[in-house]
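Protein chains in written order, with UniProt numbering: chain F, 1 to 197; chain E, 1 to 163.
Built from N, CA and C at the ideal position, the CB exists for glycine as well.
Note that the structure is predicted; figures quoted are calculated from it, not measured.
Data first, discussion second: the structure below is written as structure tokens.
Right, here's the structure in full:
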């Protein structure tokens, strides 16, 4: 579920950071820039693992910033295809089930990837799986296990500046997650973990 | 920014967990408390919460200490010894999820029924329990199910609380 990615970047320390030990100041700068950001085709950055190399600091001519070339390892959330991961059920629609973890909300289980025979109960908005004459509910907030089958990357293209002709009606912006995971719960052993205890 | 290696290594849940716990401890240790930048601080806390959510085996790591670098090495060694067929990736998945029954093990090992006999499957599970421990059966629901609207869930919670 987690990988280490090696990245090289230029870190700029401002004079007000000089009171910290250099290594801490560099780590803070990197964490500030990368934590909770998605790098396309890499994954969601969590925090620095270690710093493997740092150049001598060069002081900029005008602003007094120290410029350092740093190489470091980043802890990255990137479950691989086929991996079994656990998450919580967030919401359900007739199209499928949305899952979330405390730090990642873009996990989608399409209805075709639910165990058969499955039925969507419109009145309660829940999926119900009939297993050996037993009705098993996918309740919201339950912890489930799912298998990663696909990942989707999306890079937001730059948008045109708003034309000033319109009144102040808020512009519609459709949000698309930069990194989302498509999963399956069709296999035995997946779905709510309590079913298999 | 330049990506030098997209994937230099794969980390287990335990390693990520330990890394964050270590950071928190060293930040709180000195005379001067240190804190990570806001986003990283919040995110690492959330990751820690996530990894300590049942049924992930790290949920009782603080009390039981089932997981360590040694237990990882021991598990890999024993698996390689008795079941050379299990790939490294499958071994790590077993370490992360700690399957204590056959149903869960099935999800972690590809085409398990073709590759291992039923007896072998039981031996894998026994090995996992021996090295990584297991939850006591019928532990109280520390999880705290919050969904009261749904009849079934609410009932099972009541039963658990009443027990």
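Residue i - containing alpha helix (DSSP H), residue span
i	result
residue 115/E	112 to 115
residue 14/E	13 to 29
residue 121/E	118 to 132
residue 44/E	38 to 51
residue 61/E	61 to 64
Nearest-angstrom Cα separation, counted from residue j out to residue i
i	j	result
residue 4/F	residue 134/F	43 Å
residue 139/E	residue 10/F	Reliability of the predicted coordinates at residue 139/E is poor, the pLDDT of 49 falling under 50, and the value obtained from them is presented with this limitation in mind. If you take the alpha carbons of residue 139/E and residue 10/F, they lie about 51 Å apart.
residue 71/F	residue 8/F	4 Å
residue 51/E	residue 156/F	31 Å
residue 142/E	residue 9/E	With a pLDDT of only 45 at residue 142/E, under the threshold of 50, the placement of this residue in the model should not be trusted, and no figure is reported.
residue 197/F	residue 188/F	12 Å
residue 71/E	residue 133/E	10 Å
residue 108/E	residue 88/F	19 Å
residue 140/F	residue 186/F	18 Å
residue 3/E	residue 128/F	44 Å
residue 64/E	residue 182/F	34 Å
residue 193/F	residue 55/F	49 Å
residue 99/F	residue 176/F	16 Å
residue 46/E	residue 40/E	10 Å
residue 1/E	residue 33/F	11 Å
residue 62/E	residue 190/F	27 Å
residue 15/E	residue 53/F	22 Å
residue 86/E	residue 117/E	13 Å
residue 137/F	residue 82/F	24 Å
residue 131/F	residue 21/F	60 Å
residue 78/E	residue 160/F	60 Å
residue 110/F	residue 65/F	50 Å
residue 147/F	residue 135/E	23 Å
residue 167/E	residue 17/E	The shown model of chain E, from 1 to 163, leaves out residue 167/E, and the question about it has no answer.
residue 178/F	residue 152/F	8 Å
residue 26/E	residue 36/F	22 Å
residue 195/F	residue 45/F	33 Å
Beta-carbon spacing of residue i, residue j below 9 Å
i	j	result
residue 49/E	residue 102/F	yes
residue 73/F	residue 14/F	no
residue 246/E	residue 105/E	Absent from the structure is residue 246/E, since the part of chain E shown begins at 1 and ends at 163.
residue 47/F	residue 20/E	yes
residue 118/F	residue 108/F	no
residue 26/F	residue 59/F	no
residue 76/F	residue 42/F	yes
residue 56/E	residue 86/F	yes
residue 28/F	residue 36/E	yes
residue 149/F	residue 184/F	yes
residue 2/F	residue 11/E	yes
residue 97/E	residue 84/F	yes
Opposing strand residues paired with residue i [DSSP bridges]
i	result
residue 76/F	3/F and 45/F
residue 76/E	None, per the DSSP bridge assignment.
residue 128/F	119/F and 137/F
residue 8/F	71/F and 2/E
residue 57/F	Its beta-bridge partners do not exist; DSSP assigns none.
residue 13/F	66/F
Residue i, enclosing beta strand (DSSP E) - first and last residue
i	result
residue 22/F	Element bounds for residue 22/F: not the beta strand (DSSP E) but the alpha helix (DSSP H), 22 to 34.
residue 147/F	143 to 153
residue 98/F	96 to 100
residue 98/E	Unbroken run through residue 98/E: none, as it is neither H nor E.
residue 179/F	179 to 184
residue 136/E	Premise fails: residue 136/E is in no beta strand (DSSP E) and is neither H nor E.
residue 93/F	84 to 93
residue 108/F	107 to 110
Review point. Using Cβ-Cβ distances below 9 Å, what residues of the segment 54 to 84 of chain F are close to chain E?
Key: 71, 73, 75, 76, 77, 78, 80, 82, 83 and 84
Point to revise | chain F contacts from the segment 56 to 67 of chain E (Cβ-Cβ distance under 9 Å) | key: 56
**Study point:** Short-range partners of chain F found in the segment 5 to 19 of chain E, where Cβ spacing is below 8 Å
**Key:** 5, 6, 7, 8, 9, 10, 11, 12, 13, 15, 16 and 19
Check your understanding: Just by C-beta distance, which residues in the segment 106 to 133 of chain E are closer than 7 Å to chain F?
Key -> 106, 107 and 108
Practice item. Using a Cβ-Cβ cut-off of less than 7 Å, list which residues of the segment 82 to 94 of chain E approach chain F; keep chain order. Key: Of all residues in the segment 82 to 94 of chain E, 93 have a Cβ within less than 7 Å of some Cβ in chain F.
Review point. At a Cβ cut of 7 Å, what residues of the segment 89 to 104 of chain F count as close to chain E, listed as they run along the chain?
Key: 101, 102 and 103
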